[in-house]
Structures are given as C-alpha cells and as structure tokens.
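Residue numbers (my numbering), protein chains in the order written: chain P, 4 to 348; chain A, 4 to 348. Ideal Cβ placement from N, Cα and C applies to all residues, glycine included. So the structure is just underneath, and the comments pick up after that.
Protein chains: 2
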Amino acid sequence: MTETADGAAAAPTLAEVARLAKVSVASASRALNGIKTQPETLNQVLEAAERVGYVPNASARSLRSKRTGQIAFAMPDIGNPVYTSMMHAIQELARERESRLVLHSTGADAAEELAILRDLRRRFVDGLILVPINVTPQHVEELARAYAPVVVIGHIPATAGVDTVEADSRRGAGLGVKHLHAHGRRHIGFVNGPVKTTPGHARRLGYFDGLRAVNLKRDDRLVEAAEDFTLEAGRTATLRILARAHPDALLCANDLLAVGAMAALRSAGNEIPRDVAVVGMDNSDLTHITWPTLTSVDLGSAERARRAVELLFARIDDPERSPQRVHVAAELVVRASSAQRKVMT
Amino acid sequence: MTETADGAAAAPTLAEVARLAKVSVASASRALNGIKTQPETLNQVLEAAERVGYVPNASARSLRSKRTGQIAFAMPDIGNPVYTSMMHAIQELARERESRLVLHSTGADAAEELAILRDLRRRFVDGLILVPINVTPQHVEELARAYAPVVVIGHIPATAGVDTVEADSRRGAGLGVKHLHAHGRRHIGFVNGPVKTTPGHARRLGYFDGLRAVNLKRDDRLVEAAEDFTLEAGRTATLRILARAHPDALLCANDLLAVGAMAALRSAGNEIPRDVAVVGMDNSDLTHITWPTLTSVDLGSAERARRAVELLFARIDDPERSPQRVHVAAELVVRASSAQRKVMT
DNA sequence: TTGTAAGCGTTATCAC
DNA sequence: GTGATAACGCTTACAA
Chain P
4 MTETADGAAA
14 APTLAEVARL
24 AKVSVASASR
34 ALNGIKTQPE
44 TLNQVLEAAE
54 RVGYVPNASA
64 RSLRSKRTGQ
74 IAFAMPDIGN
84 PVYTSMMHAI
94 QELARERESR
104 LVLHSTGADA
114 AEELAILRDL
124 RRRFVDGLIL
134 VPINVTPQHV
144 EELARAYAPV
154 VVIGHIPATA
164 GVDTVEADSR
174 RGAGLGVKHL
184 HAHGRRHIGF
194 VNGPVKTTPG
204 HARRLGYFDG
214 LRAVNLKRDD
224 RLVEAAEDFT
234 LEAGRTATLR
244 ILARAHPDAL
254 LCANDLLAVG
264 AMAALRSAGN
274 EIPRDVAVVG
284 MDNSDLTHIT
294 WPTLTSVDLG
304 SAERARRAVE
314 LLFARIDDPE
324 RSPQRVHVAA
334 ELVVRASSAQ
344 RKVMT
Chain A
4 MTETADGAAA
14 APTLAEVARL
24 AKVSVASASR
34 ALNGIKTQPE
44 TLNQVLEAAE
54 RVGYVPNASA
64 RSLRSKRTGQ
74 IAFAMPDIGN
84 PVYTSMMHAI
94 QELARERESR
104 LVLHSTGADA
114 AEELAILRDL
124 RRRFVDGLIL
134 VPINVTPQHV
144 EELARAYAPV
154 VVIGHIPATA
164 GVDTVEADSR
174 RGAGLGVKHL
184 HAHGRRHIGF
194 VNGPVKTTPG
204 HARRLGYFDG
214 LRAVNLKRDD
224 RLVEAAEDFT
234 LEAGRTATLR
244 ILARAHPDAL
254 LCANDLLAVG
264 AMAALRSAGN
274 EIPRDVAVVG
284 MDNSDLTHIT
294 WPTLTSVDLG
304 SAERARRAVE
314 LLFARIDDPE
324 RSPQRVHVAA
334 ELVVRASSAQ
344 RKVMT
C-alpha cells in the first residue's frame, strides 16, 4: 500500500488489483462484482483486492454503469419530527439496498422543489422521494418530465405520471372529531395549517366531515388557519380562537400546531384536558414529550416513507411499470390530552 | 431537445452543446466554467447550452475533477433533536457552497462509524463531519489515515490529526448545578447518559465540579447513568433515583433525558418545578415543547455545526493546513422548569 | 471463462 | 484564446 506524504493511503485502482492478481481488469471487475469466474482467479482477485484495500471509485462506477447508488429525499422542513421519522425510515431501507441518502430541505418553497426536480439531470441520484407542501401545475409538468424516477409522498394529479403514497388525512381528521365528540366534547375547534397546502385543504374537509357525522353545527369562530405548520403559528392561531370563542376541544392539523395550541390554552388559564381537550395529527415523537401526552391521529409517516422507498426502487429496477398510487390508512392513538370528560350513556 | 418514449428529455452532453455552438468541447467546457473565453464564443456556448437545457453530468465531472460536490454528515441518532439542528445548519451552509449533503445515521455504533470512515475511499464525498459518541483507539487510527478530510464534532485525541469542534459540556454541567443551587435547591441529582461516552464522562465531571463550587456534598444515591441518551432511558434512570432518594432538583445530561425525567417525576407525584426543578442540556427545540418549558444548557449545537462546515471546506481547499481545535462556549438558558424556590438573601 | 478494447462525459494539458 | 487529445476508473460488449 503506497503512502502519501500525510500518511493517508493512496486509493488503489482496479488496474492495480488486476496487475497483482495477474489477470485483466475485466476479470478483476467481474470477480469483484460476483459474475461467474473460475474459483482460482476469483481467489487471486479477492486476495489482491484485500491486500491493497481496494475500494471501487464511486464516480467512475456510476459514470459507466449509470447507477449512482444514491437516492434523494426532499422535504419541507427538517424541524418537523414527521419528516425526521420519514428520513429515518428511508435511510434504513436505503442502507439495506446499499444506497446512500442525499438530503434536501426545501423550506416549503415551491421554487426550491422545482429546482431539485430539474437538478435530477445532473444524474447524481438514482431517484427522488419528494414531499411537496403544495402542488402547482408546474410541479405536475416537471414531474412528468423528471429525469430520474420520482415518488411523491402526498396528493398529486395522476397526470404527473409518478408513483405516489398518500395518507388519508381527510378521514384522519374526521376520526379526531368523532373521538372528541364521543368523549363528551361539543365545541370542537380546529387549528389548521395554511388552507392552500394540500394537507391543510384535506384536513379542513375532514374536520367538517367529522362535525357532520356527529351532528355538530359548523361554527367558523372555532376555526383558524395558522400561517404555517409550526409551534409558534399554532400558538397564535389558538389565541385568535380563544379571543372570540370558548372551545372545549381542539383538533390540530399536526402535532407541532397542537403543542402550540397547548401553550396558548394554558396561558389563557385552561387546564388540559379538563377544560379543553387537544388532539394532534401525525402521531410523531412529540406526542410522548408533551404533558399531558398528546392524543394524535397516526397518518403512518414511517410506513409511508417505507412504501415510497419500495416504489422508488421498484421503478428504478423497471422504469416501464405503470405508476402506482398507494394509500396508507389513518388511525387514532389516544393519550392523555383528550381524556373522557363525562360518561356518555 | 430530443425526447425519449416516455416524454423525459434525454440528457444532452457537452459534445452536443459544442457541436451546436460550433466550437470544441474544450472551449465549451471552459466557457461554462467561467474560464477566459472570447465574448463571442462565450455567448454561442451559453446560448446553445440554454437551448438544449444542458446540465453537466455529476459523475463525469467528479471523476475528472476529483471533486464530488458532496459532503457527508454522520451522527448517532436521527431521533435526537440536537443532531437535527446540526443537520439543518450544515445543510444550509453546504447549499451556499453548492454542495449536497449525504446523511448517515450510525445508531451510536462504533463499528458503523469506522465503516463510514473507510467508505470515504469510495470518494463519493469531498469530506465528512463526524459526531462520534465514544472514541476508540481504532477511531483515532482510522481518522489519521482517513482518505478525505474529516471534521469531528466532539472530543478526540490530538493524535488523530483532524479538525475538531468541541462543546464545553463539562463547564456547562457545572453551570446547571450552580443555577439550581442559586435558586434554593440543595439536593441536586444527576441523570447522566452512559459514562463510557465522551459527553457522559465530561458532564459527570462537570456535575461534580458544580457541587464543589457551591459546597454541596456528593451523594451517589442522587446520581444515575441512563442506558443511552433517550427519553425512555431517562425515565427509568430517574425512577431508580426516586426509589432511594429525594432530590429537589435534577440536572440531566441532555434534553431527551430531561423529558424522561419529567415524566418519571410526575408519575411519582412530583410537581415541576415546585417539588423538583429540572435542567436539561443541549437547549434543543424540545425545551419549548415540554410543560413547563425546560431550562437547558445551550451547548451551541447549530454553532458547532457551522464551525465544523467552515473547517471542513477550509481543509478541502487547503489540505496542508494544520489541524484546528475550535471550542464553543456553554451558556445557561433559564425557563420555567427551574423557577426560583425561595428567595436567597 | 477470459482478455481486448471501446466507451461513459468531463476536465486538463498540450501545442498552435 | 482555441482545438485536439489524453486521461479519470470503471463496466460491458465482443472476440477469442
């Protein structure tokens, strides 16, 4: 093993391995890639590779094979634990497939998302998992002509022609309302995120679905849209509701909003869940961290991420397969923040 | 722009651009890379590139130029918000430098960390920022011979010969103890992480420093090491303390442990901070999410990450510079979980 | 099975 | 300044 001045080993090439094993580079390549080789030469190659500590050069390999061994994950906000859990799931499956994970945080900026789609032409990844926050016609267009396979986590028109994994967040929001009603709440408010976003839109519909299902009248004073899906936005949106109405329960469009809502409720002198029950959405790790622990609608974030990875690799392996739309069910996870108020008989 | 069957545009190469601009590939390359070119040919090239939507192939470029435009970040646990905030900071600075971020979660596994160091020989990144959880002699050895520049966030022997960014967590832990003492607490317990880890070791020393500084006697019944730096481990470790002692305050070696401690304290009937005050470390986003909000020692996680990126790029630009050791100061951020108990006069 | 050789798409080194 | 041309390190036809 040759040494450079600073003690770092110089990277041996396949040619060196071949020379040491007294075979051609082609044979060396085949041997190392598990292509049928005479046991004897196989051993020689393996041994030589071992001796010099051979490791294939990623750039050279991908230039030739047109596979980078990398996939990308682009999501709106690293600070939101939902995306962290998706990232976690993706990273694990990617590792199993010997793929590296390239991370992009888009800051919920549509232009940024489009830039990433266009950047695929650099061919630095084999595919992309994208979580768009709101979808423009341009998205659809760029997706349709995307250079590498893309899987979208979220709702997107079928004309985009890409695989998608969707949560049933509309039904999920309905579950939250029904749960609160069943536990004796009759003035159920809704702290939404921006209505223009895909999840904001769907969850709003689900909230109204839920009200209808339990025969509660819609009261717009109980509904507020936060500026984004963050804690602070949830806090101020909740304060706006409290300034004009008296909810005995709040459904929040995600867990971060719910945490903000809890802070606002308490600062207004409410005890949770005695005075106001709170239900979040996403069932993220935050649910264990709040006090009381947070009831939340599980939208299967890790599951969606896993399905997305599977779809992505399937499409990488077979670009011709027809686009799939996978749905992941929503499920309510009850914790302390929505405890029973009075017994229903 | 030629179209393939499925509507995706075929990636145009530099040769095509050159042909359209009626210049050589060499000139085209120079023009696009901002190397001195006659204005006329420059325009022709730029125009041709624009017309076909030329984008350079990342693999080809890195194979030739030996720069990948990627850096890697390897940390123990995606689930810990400290690392999320580091990731966030790194991603932003990397983007400014037009570098992509490759993510590795090591699961606090030393073997995994070593594997990543060796993997650098694949040359898929220009450098690595590593957060090791505990450092073996093998780490030092592998770091010394690492193929690409590595910056370590954490403490590591100088013989490793790499740039490091260190938090002053020993002093930070001391700050926590002094704060609690100043607010009237006299039975200050310590929920540590594993003592074998670098942070676990340093924070333990800092805790004892703090006790000495305020003339409190060391009481080992008040000290417990959790199995790892997680919420659940913090909860059970705290329960062990409560089974044998009556602390009126707990310093916790990170925020996740503190959240676990709060849960344990409450399940044992304690009110926070009235009965027991709690101080965490890291000053992560969790501090805003707990109730009451969590006093925490800020160890400058984002700042450390930024410094690490700067060091990394500086070394990539000049591999010969001598290794730097950067220190980031600790600072206490007081919130509700450690409110004044009695007035000291 | 194995070796020869042709690229993959760039950038860098030359002469001109 | 520009144009041939030689790498970069690897995979993969194609021949042998």
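- In this structure, L183/A places its C-beta atom within 8 Å of the C-beta atom of L254/A.
- From the listed residues V48/A, S341/A, D122/A, the smallest Cα separation to D278/A is found for S341/A.
- V194/P is bridged by DSSP to E227/P, C255/P.
- Nearest CB-CB separation between L106/A and chain P: below the 8 Å threshold.
- Residue state for E323/P is assigned as coil, using DSSP reduced to three classes.
- Across the set D320/P, A14/P, L335/P, E306/P, the C-alpha of E306/P shows the shortest separation from the C-alpha of E169/P.
- The segment 50-62 of chain A makes contact with the segment 61-81 of chain P; the number of CB pairs closer than 8 Å reaches 3 or more.
- For P59/A, the neighbours in chain P by C-beta distance under 7 Å run, in chain order, R125.
- Taking 9 Å as the Cβ-Cβ cut-off, the segment 236-262 of chain A approaches chain P at L259, V262, given in chain order.
- Contact annotation: G72/P and L315/P have beta-carbon atoms that are not nearer than 8 Å.
- In this structure, I74/A places its C-beta atom within 8 Å of the C-beta atom of L104/A.
- Interface residue (Cβ-Cβ distance to chain A less than 8 Å): G283/P is not classified as such.
- In the structure shown, F127/A falls within a coil segment according to DSSP collapsed to helix, strand and coil.
- In the DSSP assignment, Q41/P falls outside any alpha helix (DSSP H), carrying neither H nor E.
- Beta-bridge analysis with DSSP links Q73/P to R103/P.
- Excluding residues up to 5 positions away in sequence, L245 lie with their Cβ nearer than 6 Å to the Cβ of A271/P in the same chain.
- Exposed is the label assigned to Q41/P, since fewer than 16 other Cβ atoms lie within 10 Å of its Cβ.
- For H291/A, the neighbours in chain P by C-beta distance under 7 Å run, in chain order, L234.
- D301/A sits in a strand when the DSSP states are folded into three classes.
- Within the same chain, V55 come within 7 Å of E19/A by CB-CB distance, once the 5 residues on both sides are set aside.
- For R189/P, the CB contacts under 8 Å within the same chain, skipping 5 residues up- and downstream, are L219, D251 in chain order.
- The C-beta of G263/P has 16 or more other C-beta atoms within 10 Å across all chains shown, which makes the residue buried.
- Look at D288/A: its C-beta is under 8 Å from a C-beta on chain P.
- Taking 9 Å as the Cβ-Cβ cut-off, the segment 196-230 of chain A has no residue approaching chain P.
- Around the beta carbon of I136/A, 16 or more other beta carbons lie within 10 angstroms, which makes this residue buried.
- The CB of S325/A never comes closer than 7 Å to any CB in chain P; the least such distance is about 11 Å.
- Comparing C-alpha distances from D223/A to each of D231/A, R243/A, T239/A shows the shortest one belongs to R243/A.
- Under the criterion of beta carbons closer than 8 Å, D231/A and A51/A do not qualify as touching, at roughly 57 Å.
- Contact of M78/P with chain A is not assigned, every C-beta pair being separated by 8 Å or more.
- At a cut-off of 8 Å between C-beta atoms, M90/A counts as an interface residue with respect to chain P.
- For L335/P, the uninterrupted beta strand (DSSP E) run begins and ends at 334-336, by DSSP.
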